[in-house]
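Which chain is which? The protein sequence lines are A and B, in order. The first sequence begins at 7 in this note's numbering and counts up one residue at a time. The second sequence begins at 7 in this note's numbering and counts up one residue at a time. Every residue, glycine too, gets a C-beta built ideally from N, C-alpha and C.
Protein chains: 2
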Amino acid sequence: MLSISPLDPGEKNPLFRQLFDRLREMIESGSLRRGDRLPATRELAGQLGLNRTTVSAAYALLESEGLIAGHVGRGSFVTGRAKSPADGPAPASFSRSRPSELLFPLAEFRQTCAEVIARDDAASILQLGSPSGYAPLRRYLLDQARDEGAARDSDDILITSGCQQAFDLLQRMLAPAAVLVEDPVYLGVRNVFERAGARLIGVPMHDDGIDLDQLAAILANTGNARPRLLCLTPNFQNPTGATMPLASRQALLRITQAAGVTVIENDIYGPLCYEGEPLPSIKQLDETGNTILLRSFSKVAFPGLRVGWVIAPRPLIEKLTEAKQWSDLHTDQLSQAVLLRFAESGRLERHRERMLVAGRARLNAALDACEKYLPAGAKFTRPRGGMNLWIELPEPLDAADLLPRAEREGVTYLPGRYFAVSRPRPNSLRISFAGMTPEEIRSGLATLGRIFSDALNSAHAAHSFSEVAALV
Amino acid sequence: MLSISPLDPGEKNPLFRQLFDRLREMIESGSLRRGDRLPATRELAGQLGLNRTTVSAAYALLESEGLIAGHVGRGSFVTGRAKSPADGPAPASFSRSRPSELLFPLAEFRQTCAEVIARDDAASILQLGSPSGYAPLRRYLLDQARDEGAARDSDDILITSGCQQAFDLLQRMLAPAAVLVEDPVYLGVRNVFERAGARLIGVPMHDDGIDLDQLAAILANTGNARPRLLCLTPNFQNPTGATMPLASRQALLRITQAAGVTVIENDIYGPLCYEGEPLPSIKQLDETGNTILLRSFSKVAFPGLRVGWVIAPRPLIEKLTEAKQWSDLHTDQLSQAVLLRFAESGRLERHRERMLVAGRARLNAALDACEKYLPAGAKFTRPRGGMNLWIELPEPLDAADLLPRAEREGVTYLPGRYFAVSRPRPNSLRISFAGMTPEEIRSGLATLGRIFSDALNSAHAAHSFSEVAALV
Numbered sequence: 007m008l009s010i011s012p013l014d015p016g017e018k019n020p021l022f023r024q025l026f027d028r029l030r031e032m033i034e035s036g037s038l039r040r041g042d043r044l045p046a047t048r049e050l051a052g053q054l055g056l057n058r059t060t061v062s063a064a065y066a067l068l069e070s071e072g073l074i075a076g077h078v079g080r081g082s083f084v085t086g087r088a089k090s091p092a093d094g095p096a097p098a099s100f101s102r103s104r105p106s107e108l109l110f111p112l113a114e115f116r117q118t119c120a121e122v123i124a125r126d127d128a129a130s131i132l133q134l135g136s137p138s139g140y141a142p143l144r145r146y147l148l149d150q151a152r153d154e155g156a157a158r159d160s161d162d163i164l165i166t167s168g169c170q171q172a173f174d175l176l177q178r179m180l181a182p183a184a185v186l187v188e189d190p191v192y193l194g195v196r197n198v199f200e201r202a203g204a205r206l207i208g209v210p211m212h213d214d215g216i217d218l219d220q221l222a223a224i225l226a227n228t229g230n231a232r233p234r235l236l237c238l239t240p241n242f243q244n245p246t247g248a249t250m251p252l253a254s255r256q257a258l259l260r261i262t263q264a265a266g267v268t269v270i271e272n273d274i275y276g277p278l279c280y281e282g283e284p285l286p287s288i289k290q291l292d293e294t295g296n297t298i299l300l301r302s303f304s305k306v307a308f309p310g311l312r313v314g315w316v317i318a319p320r321p322l323i324e325k326l327t328e329a330k331q332w333s334d335l336h337t338d339q340l341s342q343a344v345l346l347r348f349a350e351s352g353r354l355e356r357h358r359e360r361m362l363v364a365g366r367a368r369l370n371a372a373l374d375a376c377e378k379y380l381p382a383g384a385k386f387t388r389p390r391g392g393m394n395l396w397i398e399l400p401e402p403l404d405a406a407d408l409l410p411r412a413e414r415e416g417v418t419y420l421p422g423r424y425f426a427v428s429r430p431r432p433n434s435l436r437i438s439f440a441g442m443t444p445e446e447i448r449s450g451l452a453t454l455g456r457i458f459s460d461a462l463n464s465a466h467a468a469h470s471f472s473e474v475a476a477l478v
Numbered sequence: 007m008l009s010i011s012p013l014d015p016g017e018k019n020p021l022f023r024q025l026f027d028r029l030r031e032m033i034e035s036g037s038l039r040r041g042d043r044l045p046a047t048r049e050l051a052g053q054l055g056l057n058r059t060t061v062s063a064a065y066a067l068l069e070s071e072g073l074i075a076g077h078v079g080r081g082s083f084v085t086g087r088a089k090s091p092a093d094g095p096a097p098a099s100f101s102r103s104r105p106s107e108l109l110f111p112l113a114e115f116r117q118t119c120a121e122v123i124a125r126d127d128a129a130s131i132l133q134l135g136s137p138s139g140y141a142p143l144r145r146y147l148l149d150q151a152r153d154e155g156a157a158r159d160s161d162d163i164l165i166t167s168g169c170q171q172a173f174d175l176l177q178r179m180l181a182p183a184a185v186l187v188e189d190p191v192y193l194g195v196r197n198v199f200e201r202a203g204a205r206l207i208g209v210p211m212h213d214d215g216i217d218l219d220q221l222a223a224i225l226a227n228t229g230n231a232r233p234r235l236l237c238l239t240p241n242f243q244n245p246t247g248a249t250m251p252l253a254s255r256q257a258l259l260r261i262t263q264a265a266g267v268t269v270i271e272n273d274i275y276g277p278l279c280y281e282g283e284p285l286p287s288i289k290q291l292d293e294t295g296n297t298i299l300l301r302s303f304s305k306v307a308f309p310g311l312r313v314g315w316v317i318a319p320r321p322l323i324e325k326l327t328e329a330k331q332w333s334d335l336h337t338d339q340l341s342q343a344v345l346l347r348f349a350e351s352g353r354l355e356r357h358r359e360r361m362l363v364a365g366r367a368r369l370n371a372a373l374d375a376c377e378k379y380l381p382a383g384a385k386f387t388r389p390r391g392g393m394n395l396w397i398e399l400p401e402p403l404d405a406a407d408l409l410p411r412a413e414r415e416g417v418t419y420l421p422g423r424y425f426a427v428s429r430p431r432p433n434s435l436r437i438s439f440a441g442m443t444p445e446e447i448r449s450g451l452a453t454l455g456r457i458f459s460d461a462l463n464s465a466h467a468a469h470s471f472s473e474v475a476a477l478v
């Protein structure tokens with residue numbers, strides 16, 4: 007039985023938060039150790055005379071901090087390491103847009119793998135597969151998309167080795183002379199098209215997605231050289247975290263359809279909506295059925311398993327499947343079968359719900375810390391989901407110049423100029439918050455806030471000095 | 007205890023063969039059924055008063071026929087289905103160059119997976135990986151290649167999503183205006199370069215590999231437009247099954263080095279050498295270190311797991327790794343970790359030894375059946391390993407014309423013209439024997455032999471008739 011000092015219902019701090027604090031302290035002090043099993047929620051609720059939902063809420067918070075992991079049917083286990091002085095400060099990497107390893111549901115993954123490889127048809131999974139993808143997975147994903155209205159009868163699906171390959175295959179088959187992309191944009195998109203010699207036309211991003219007036223102006227001015235393709239991420243865009251409101255999505259479709267522009271909708275962050283209701287995708291809204299929809303398991307579940315997919319009109323899927331065949335024959339079958347089982351068994355959805363709790367805690371930690379630590383004049387986006395937010399520092403700060411200093415203090419990020427198409431914004435940076443615990447986010451942003459404030463003060467001092475010098 | 011009638015040491019048929027026949031009959035008659043466990047070799051040897059190696063040899067033959075499967079530590083189980091009249095003739099597919107599913111070591115695969123996912127570092131395998139590949143696998147494969155002299159200190163390695171992707175990345179980074187390839191050649195190679203707009207120059211294949219005189223002549227005659235790249239498969243080439251003798255490999259290197267041509271050596275069939283000693287690879291023989299070596303797990307083990315690799319000079323590997331990143335970020339990590347464990351544990355090598363026994367039985371069945379059933383005037387290659395052999399039918403037979411008839415009788419193959427670069431040989435076809443049991447090979451080739459002989463007789467009759475008609 008855990009020895010927990012009594013909670014106080016009269017305290018301002020709610021009971022679940024008090025319980026969370028007690029347990030966190032026990033983990034950090036080492037009285038609960040990595041691998042220790044926590045009591046079942048019912049048991050601990052009985053012991054402490056609490057409502058069971060109070061205990062569940064405390065466990066959910068602990069899980070979102072990466073301190074424990076829940077395993078269905080087996081209970082919750084301590085995963086966080088007690089801090090020891092010898093550890094030194096943990097490096098805080100804001101530079102990768104990926105989920106935290108601490109949140110991977112390992113027991114469920116193991117169970118899923120065991121189920122897949124025990125099956126009678128395991129040999130057929132290990133045999134050469136189809137370029138289109140593992141048939142049961144294709145059927146599952148296409149049915150799901152049809153139920154959501156994200157696939158029509160005239161659509162088909164291709165399983166790809168992650169969404170990066172979907173972009174690559176699209177570039178190869180569509181071979182656009184010019185492509186409209188968000189500015190700033192995810193590097194993987196920029197690279198794929200740029201390397202192939204396509205001209206990239208950046209449409210500026212605002213807090214609510216690409217600037218539609220600018221888009222319309224570009225399309226009106228390019229005449230015969232008008233681009234025929236637009237790539238965008240309407241939900242929780244990487245790098246800015248911006249989401250397009252419904253009205254913008256509808257307006258976008260009117261503009262692109264009038265101009266004969268096909269939309270590639272990258273929706274890999276869509277399932278990670280932490281605040282408010284998810285919006286319909288462009289693909290769902292598009293009456294013409296022409297939108298090309300990209301999705302992936304890798305932002306919700308296991309990014310090391312390379313499985314993404316494209317839903318698009320059948321003739322295009324046929325062309326992409328041909329290109330897939332000479333690119334790499336087919337997508338890994340073991341991972342396709344494991345992810346299908348993970349989804350079909352309901353584990354993916356349960357895991358996604360835990361990721362929403364964890365993601366919300368991380369996002370809030372990041373927003374609170376930006377508010378608290380960034381120097382006056384700094385602006386930052388307020389994403390409602392996904393993994394990234396975008397900071398614009400006051401002039402004359404340059405995020406790339408300040409990076410080496412941040413790295414010396416154990417904090418990394420990607421400067422905004424890495425994502426620029428034609429509008430380098432040297433004072434901007436991307437903060438990828440999903441891979442870290444809320445505590446790491448707070449301490450990392452505290453460090454960055456101090457560095458940025460110091461640099462700003464020095465810049466002002468230098469500016470005053472140079473004004474003085476100019477007077478001499 | 008199995009009820010087996012006594013064997014006769016005086017019979018001409020050796021004891022292991024007699025035991026094999028008895029057991030096969032029991033499986034085919036249904037007295038041993040799918041899933042039944044065979045006695046341990048020691049036990050059955052004791053029961054029948056035989057040497058244990060006799061029983062092992064009989065089991066190996068049964069395994070090579072796809073009738074049983076051995077599981078280390080658990081014994082051997084019946085996997086072949088008893089034939090029932092309702093089954094009808096099994097379709098015989100000679101059209102895919104891949105191993106038989108019946109030979110996959112499922113129990114060992116399951117054990118390997120279980121070991122990988124149980125590890126403490128499982129979460130890092132499921133996380134986003136490196137474009138270069140899973141570091142422990144890279145180290146293992148590179149060390150192995152260094153031990154064999156197939157990698158130098160100046161070489162490095164890139165893990166690819168199968169060897170097809172290696173070809174694709176090479177095409178993208180080397181962007182050759184023209185490429186020398188074998189004629190006939192594997193479709194995947196032809197497609198990759200042709201789609202990219204490269205000019206393919208076919209060098210005719212003979213029983214001992216590409217025609218070196220022709221190669222020298224092409225290089226002498228192309229002048230400034232001389233191709234700088236040659237792709238070839240010195241061991242058990244697909245589609246012909248041909249192997250280059252050592253002297254040809256050395257002569258090839260002299261010719262290509264004098265002409266400044268880089269060799270891409272596709273060695274995916276190399277580990278499947280059934281007769282004679284394996285020959286040194288071109289990469290091993292190449293003193294300049296410039297040869298680009300491609301290898302893969304997928305012909306020996308589990309082709310559904312897409313893991314291949316390239317060993318080449320470091321600057322090229324760096325370029326390929328960059329292209330890999332925008333092609334699909336990185337190769338699936340689960341499959342990389344599973345295949346590494348499969349190799350490191352010694353299971354891969356044990357499985358390869360079983361594949362050599364099985365492959366030899368299949369190759370011999372194919373050669374014997376070609377000898378026995380093909381019409382007079384037909385020629386066929388005599389591979390010493392791999393998965394394919396090549397048949398040239400007597401004129402005026404056309405293998406593509408005869409395919410629909412073969413398919414109606416349940417047998418498929420790929421006509422030679424599918425593999426042609428600039429020399430269509432309509433009378434040729436590829437027989438991929440590795441995916442079938444020896445019995446299927448025999449009955450499939452018997453059917454083909456009958457169809458080809460009939461067609462030849464009809465052609466002769468028509469010819470005689472037209473001669474008669476011409477006299478009238």
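Taking only beta carbons into account, state which residues of the stretch 128-160 of chain A come closer than 7 Å to chain B, listed in chain order. For the stretch 128-160 of chain A, the set of positions with a beta-carbon nearer than 7 Å to some beta-carbon of chain B reads Ala128, Ala129, Ser130, Ile131, Leu132, Gln133, Leu134 and Gly135 in chain order.
Check Asp189 of chain B in the structure and name its three-state DSSP category. Asp189 of chain B: strand per DSSP, three-state reduction.
Leu21 of chain B and Thr60 of chain B - do their beta-carbons sit closer together than 8 Å? In this structure, Leu21 of chain B lies closer than 8 Å to Thr60 of chain B by Cβ.
Residue nearest to Ala375 of chain B in terms of C-alpha spacing, selected from B:Gly352, B:Leu50 and B:Thr453: When each option's Cα is compared against that of Ala375 of chain B, the closest is B:Thr453.
List the residues of chain D that Pro309 of chain B touches, going by C-beta distances under 7 Å, in chain order. Although the question refers to chain D, the structure presented lacks it and instead comprises the protein chains A and B.
For His212 of chain B, report the span of its beta strand (DSSP E) as first-last. Arg205 to His212
When we look at the beta-carbon of Glu558 of chain B and count the other beta-carbons within 10 Å, is it buried (16 or more) or exposed? Nothing about residue 558 of chain B can be read from this structure; chain B reaches only from 7 to 478.
DSSP three-state call for Glu121 of chain B: helix, strand or coil? Helix.
Quick check on the burial criterion: 16 or more other C-beta atoms within 10 angstroms. Buried or exposed for Pro91 of chain B? Summary for Pro91 of chain B: the model assigns pLDDT 39, below 50, so the residue's position carries little reliability, and this model does not support an answer.
Rounded to a whole number of angstroms, what is the C-alpha to C-alpha distance between Val198 of chain B and Ala184 of chain B? 12 Å
Short of 7 Å Cβ to Cβ, which residues in the stretch 172-203 of chain A face chain B? Taking a C-beta cut-off of 7 Å against chain B, the contacting residues of the stretch 172-203 of chain A are Asp174, Gly194, Asn197, Val198 and Arg201, listed in chain order.
So, does the stretch 361-369 of chain A touch the stretch 61-77 of chain A, judging by three or more C-beta pairs under 8 Å? yes
Could you tell me which residues DSSP pairs with Leu300 of chain B in its beta bridges? Looking at the DSSP assignment, Leu300 of chain B forms a beta bridge with B:Asn272 and B:Val316.
What residue does the beta strand (DSSP E) around Glu398 of chain A start on, and which one ends it? Asn394 to Glu398
Identify the continuous beta strand (DSSP E) that holds Phe83 of chain A and give its terminal residues. Phe83 of chain A -> beta strand (DSSP E) spans Gly81 to Val84.
Do you know offhand how far Thr262 of chain A's Cα is from Thr268 of chain A's? 7 Å
Report all residues from its chain with a CB closer than 6 Å to the CB of Arg429 of chain B; omit the five preceding and five following residues, and keep chain order. Asp189, listed in sequence order.
Terminal residues of the continuous beta strand (DSSP E) containing Thr166 of chain A? Asp161 to Thr166
Roughly how many whole angstroms lie between the Cα atoms of Arg161 of chain A and Ile397 of chain B? In the sequence under discussion, the amino acid at residue 161 of chain A is Asp, which differs from the Arg named in the question. Cα to Cα, Asp161 of chain A sits roughly 42 Å from Ile397 of chain B.
Arg158 of chain A - DSSP class collapsed to helix/strand/coil: coil
Let me make sure I understand the geometry here. Which of B:Lys378, B:Ala113 and B:Asp126 has the alpha-carbon closest to that of Arg116 of chain A? B:Asp126
Between the stretch 382-392 of chain A and the stretch 159-178 of chain A, can you find at least three pairs of beta-carbon atoms closer than 8 Å? no
Interface flag, Asp219 of chain B vs chain A, CB-CB below 8 Å: no
If you count every other CB in all the chains shown that lies within 10 Å of the CB of Asp273 of chain B, and 16 or more means buried, which is it? buried
Any residues in the stretch 366-387 of chain A with a beta carbon nearer than 9 Å to a beta carbon of chain B? Which ones, in chain order? none
Could you check what DSSP says for Arg423 of chain A in three-state terms: helix, strand or coil? helix
Going along chain B, which residues have a C-beta under 9 Å from Arg116 of chain A? Ordered by position in chain B, the residues that pass the 9 Å Cβ test against Arg116 of chain A are Ala120, Ile123, Ala124 and Ala128.
Taking 8 Å as the threshold (C-beta atoms), are Leu299 of chain B and Glu271 of chain B in contact? Yes.
Taking buried to mean at least 16 other C-beta atoms within 10 Å of its own C-beta, is Asp214 of chain A buried or exposed? By the 16-neighbour rule on beta-carbons within 10 angstroms, Asp214 of chain A is exposed.
Tell me Phe110 of chain A's beta-bridge partners as DSSP assigns them. Beta-bridge partners assigned by DSSP to Phe110 of chain A: none are found.
Hey, does Leu462 of chain B have any beta-carbon neighbour from chain A nearer than 8 Å? no
Nearest-angstrom Cα separation, counted from Phe26 of chain B out to Asn370 of chain B: 17 Å
CB-CB under 8 Å to Arg448 of chain B, same chain, minus the five flanking residues each way: which ones, in chain order? Ala371, Asp374 and Ala375
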